[in-house]
Amino acid sequence: MSEQRHERHEEGGPAGRRVVVVGAGMAGVQTAVALREQGFDGTVTLIGAELHQPYDRPPLSKAVLLGKAEHSAFDVDFEGLGIELVLGREVLGLRPADHELDTETGPVPYDVLVLATGAEPIRLPGTEGVPGVHLLRTLDDAERLRPVLARQHDVVVVGAGWIGAEFATAAREAGCAVTVVEAADRPLAGALPAEVAAPMTAWYADHGVDLRTHARVARVEAGAVVLDDGSRLPAEAVVVGIGARPATAWLAGSGVALGAHREIVADACLRTSAADVYAVGDCASFPSGRYGERLLVHHWDNALQGPRTVAANILAAATGELPAVYDPVPYFWSEQFGRFVQYVGHHADADSTLWRGDPSGPAWTVCWLREGRLIALLAVGRPRDLAQGRRLIEAGRRMDAEALADPARPLKDATATP
Numbered sequence: 001m002s003e004q005r006h007e008r009h010e011e012g013g014p015a016g017r018r019v020v021v022v023g024a025g026m027a028g029v030q031t032a033v034a035l036r037e038q039g040f041d042g043t044v045t046l047i048g049a050e051l052h053q054p055y056d057r058p059p060l061s062k063a064v065l066l067g068k069a070e071h072s073a074f075d076v077d078f079e080g081l082g083i084e085l086v087l088g089r090e091v092l093g094l095r096p097a098d099h100e101l102d103t104e105t106g107p108v109p110y111d112v113l114v115l116a117t118g119a120e121p122i123r124l125p126g127t128e129g130v131p132g133v134h135l136l137r138t139l140d141d142a143e144r145l146r147p148v149l150a151r152q153h154d155v156v157v158v159g160a161g162w163i164g165a166e167f168a169t170a171a172r173e174a175g176c177a178v179t180v181v182e183a184a185d186r187p188l189a190g191a192l193p194a195e196v197a198a199p200m201t202a203w204y205a206d207h208g209v210d211l212r213t214h215a216r217v218a219r220v221e222a223g224a225v226v227l228d229d230g231s232r233l234p235a236e237a238v239v240v241g242i243g244a245r246p247a248t249a250w251l252a253g254s255g256v257a258l259g260a261h262r263e264i265v266a267d268a269c270l271r272t273s274a275a276d277v278y279a280v281g282d283c284a285s286f287p288s289g290r291y292g293e294r295l296l297v298h299h300w301d302n303a304l305q306g307p308r309t310v311a312a313n314i315l316a317a318a319t320g321e322l323p324a325v326y327d328p329v330p331y332f333w334s335e336q337f338g339r340f341v342q343y344v345g346h347h348a349d350a351d352s353t354l355w356r357g358d359p360s361g362p363a364w365t366v367c368w369l370r371e372g373r374l375i376a377l378l379a380v381g382r383p384r385d386l387a388q389g390r391r392l393i394e395a396g397r398r399m400d401a402e403a404l405a406d407p408a409r410p411l412k413d414a415t416a417t418p
């Protein structure tokens with residue numbers, strides 16, 4: 001790094017320092033905004049690869065896709081906040097020793113760097129460049145899919161995860177014939193236990209969607225998807241929703257530590273292995289003291305909450321204060337087949353499961369416990385359960401199992417007697 005930048009870094013004060021944020025999605029935008037809200041008065045530069053104004057992603061599979069909204073741009077006055085917004089610039093590499101980013105238009109120096117590059121969708125092997133095969137991750141993706149829905153094409157969705165279910169819902173609303181192909185034996189196989197995901201299988205048929213489980217795509221041809229058992233599914237369009245991976249390939253050779261899923265390995269304060277470099281959102285994992293394991297959370301709420309910790313710690317590092325620890329209760333939601341599905345917590349280490357309500361009905365809840373404490377909850381059409389459950393999980397409260405299983409009883413009243 002230059003002598004001038006080195007001296008500024010050693011001074012430690014926030015004034016005059018330059019923070020560069022890479023990634024103009026939710027996590028990047030919220031980091032830049034949080035820095036200003038928390039009093040940072042140095043330079044803030046936000047770099048995004050897309051030319052569009054920074055936008056929110058959840059509406060892409062709903063209002064934007066169906067033409068009910070033209071965009072989902074964030075309502076942020078970047079100029080008024082003194083945030084330098086650089087759009088349409090691809091980052092190519094990072095040299096932490098020099099405190100510089102490499103971009104397609106030249107190097108960008110920084111005093112503090114925040115990596116918020118998000119995740120990118122996994123492509124179906126052999127389909128890159130094949131006409132009629134779509135992903136749904138960006139605003140451009142949604143705009144390319146709009147006419148598909150408007151023309152009521154026959155659509156095959158590959159993957160019965162969250163995004164697959166949401167797109168299938170929108171496509172049926174638009175009047176398309178929809179077939180969903182899933183390699184596992186059930187929807188949401190990677191997210192929920194079999195007994196919890198099983199009731200969701202009926203949602204597809206109830207809404208006129210043909211769900212094919214234990215089905216793998218052999219190839220995509222003009223107007224058809226061919227499965228590995230030889231069956232052919234008519235498809236004027238194919239939408240692939242088989243997961244996403246952290247967008248970190250550009251960090252190769254940088255020395256920034258990556259994990260098993262190629263995510264950036266952040267510590268409990270969201271610092272990376274490189275000095276003055278933080279990571280937040282879909283591209284990074286963090287150690288959870290609450291759950292005793294490292295979490296990689298690809299959901300909107302994580303990209304909203306994490307930036308506040310990053311901003312606080314950038315300011316703390318400059319003033320010598322103790323850093324804040326990031327240990328949230330993960331949360332996400334999905335709107336599919338006329339149902340509002342919410343999940344909070346992390347159920348991997350649960351030792352018992354309790355149901356509230358009939359899963360064949362329109363509203364029910366699943367609770368996961370460990371040693372009598374509520375650690376995770378899935379609520380279908382029961383937002384009050386979710387709100388109360390989230391507070392109980394955060395507080396680590398012990399629960400009365402009998403009261404918890406009674407759907408007529410508020411969750412807040414189902415705590416065990418001390």
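Residue numbers (our numbering): 1 to 418.
Glycine included, C-beta positions come from ideal geometry on N, C-alpha and C.
Query                                                                                                                                                          : Result
Around the Cβ of proline 131, are there at least 16 other Cβ atoms within 10 angstroms (buried) or fewer (exposed)?                                            : exposed
Evaluate contact between the segment 338 to 345 and the segment 139 to 148, counting only Cβ atoms and requiring at least three cross-stretch pairs below 8 Å. : no
Alpha carbon to alpha carbon, how far is cysteine 269 from valine 145? Give it in angstroms, no decimals.                                                      : Checking the displayed sequence, the identity of residue 145 turns out to be leucine instead of valine. Distance between the alpha carbons of leucine 145 and cysteine 269: 39 Å.
Go to glutamate 166, then tell me how far its alpha helix (DSSP H) extends in each direction, as first and last residue.                                       : 162 to 173
Between the segment 177 to 189 and the segment 144 to 160, do at least 3 Cβ pairs fall closer than 8 Å?                                                        : yes
Buried or exposed: which applies to glutamate 321, given that a residue is buried once 16 or more other Cβ atoms fall within 10 Å of its Cβ?                   : exposed
Report buried or exposed for glycine 241, applying the criterion of at least 16 other Cβ atoms within 10 angstroms of its Cβ.                                  : buried
Residues in its own chain within less than 6 Å of tryptophan 333 by CB, not counting five upstream and five downstream?                                        : Gln342
With respect to 7 Å, is the separation between the Cβ of leucine 46 and the closest non-hydrogen atom of the ligand GDP below this value?                      : Among the ligands in the structure shown, none appear at all, so the ligand GDP cannot be discussed.
Below 8 Å on the Cβ atoms is my guess for phenylalanine 340 versus proline 383; work out the distance and round it to an integer in Å.                         : 7 Å
I'd like to check one pair, aspartate 349 with tyrosine 291: are the Cβ atoms closer than 8 Å?                                                                 : yes
What does the alpha-carbon distance come out to for the pair arginine 373 and aspartate 267?                                                                   : 26 Å
By alpha-carbon positions, which one of Met399, Val178, Val20, Ser61 ends up nearest to aspartate 206?                                                         : Val178
How far does the alpha helix (DSSP H) with threonine 309 in it extend, from its first residue to its last?                                                     : 300 to 319
In whole angstroms, what is the alpha-carbon distance linking aspartate 358 and threonine 417?                                                                 : 27 Å
What is the DSSP secondary structure of isoleucine 393, reduced to helix, strand or coil?                                                                      : helix
Nearest-angstrom Cα distance between aspartate 41 and leucine 377?                                                                                             : 40 Å
Arginine 137 by DSSP, collapsed to three states: which one?                                                                                                    : coil
Report the rounded CA-to-CA distance for glutamate 3 versus histidine 99, giving the unit in angstroms.                                                        : Bear in mind that a pLDDT of 33 at glutamate 3, under 50, signals an unreliable position, so the number given afterwards is only what the model happens to contain. Each residue's alpha carbon lies about 12 Å from the other.
Would you tell me roughly how many angstroms separate the C-alpha atoms of alanine 32 and glutamate 104, rounded to the nearest one?                           : 22 Å
To the nearest angstrom, report how far apart proline 407 and leucine 188 are at their CA atoms.                                                               : 24 Å
Between which residues of its own chain and alanine 150 is the CB-CB distance below 8 Å, once the five residues before and five after are set aside?           : Gly67, Ala174
Buried or exposed for aspartate 282, going by 16 or more other Cβ atoms inside 10 Å?                                                                           : buried
According to DSSP, is arginine 356 part of a helix, a strand, or is it coil?                                                                                   : strand
Report buried or exposed for valine 318, applying the criterion of at least 16 other Cβ atoms within 10 angstroms of its Cβ.                                   : Residue 318 is actually alanine in this sequence, not valine. Classification for alanine 318: buried.
For proline 147, count the other beta carbons within 10 Å of its own beta carbon; 16 or more makes it buried, fewer makes it exposed. Which is it?             : exposed
Rounded to a whole number of angstroms, what is the C-alpha to C-alpha distance between arginine 8 and leucine 113?                                            : At arginine 8 the pLDDT is 35, less than 50, meaning the model places this residue with poor confidence; the figure from the coordinates comes in the next sentence. Distance between the alpha carbons of arginine 8 and leucine 113: 15 Å.
Spell out the partners DSSP gives tyrosine 278 in its beta bridges.                                                                                            : Val114, Arg271
Report the rounded CA-to-CA distance for glycine 118 versus aspartate 56, giving the unit in angstroms.                                                        : 12 Å
Have a look at the DSSP bridge pairing and note the partners of alanine 379.                                                                                   : Gln342, Thr365
To the nearest angstrom, report how far apart alanine 252 and glutamate 90 are at their CA atoms.                                                              : 15 Å
Can you name the start and end residues of the alpha helix (DSSP H) that glutamate 195 belongs to?                                                             : 194 to 197
Would you kindly work out how many angstroms separate the C-alpha atoms of glycine 129 and valine 277, rounded to a whole number?                              : 35 Å
Tell me which residue opens and which closes the alpha helix (DSSP H) that tryptophan 333 is part of.                                                          : Note, tryptophan 333: premise wrong, no alpha helix (DSSP H); beta strand (DSSP E) at 331 to 336.
With H, G and I counted as helix, E and B as strand and the rest as coil, what does DSSP make of serine 285?                                                   : strand
Would valine 22 and leucine 101 be called neighbours here (beta carbons separated by less than 8 Å)?                                                           : yes
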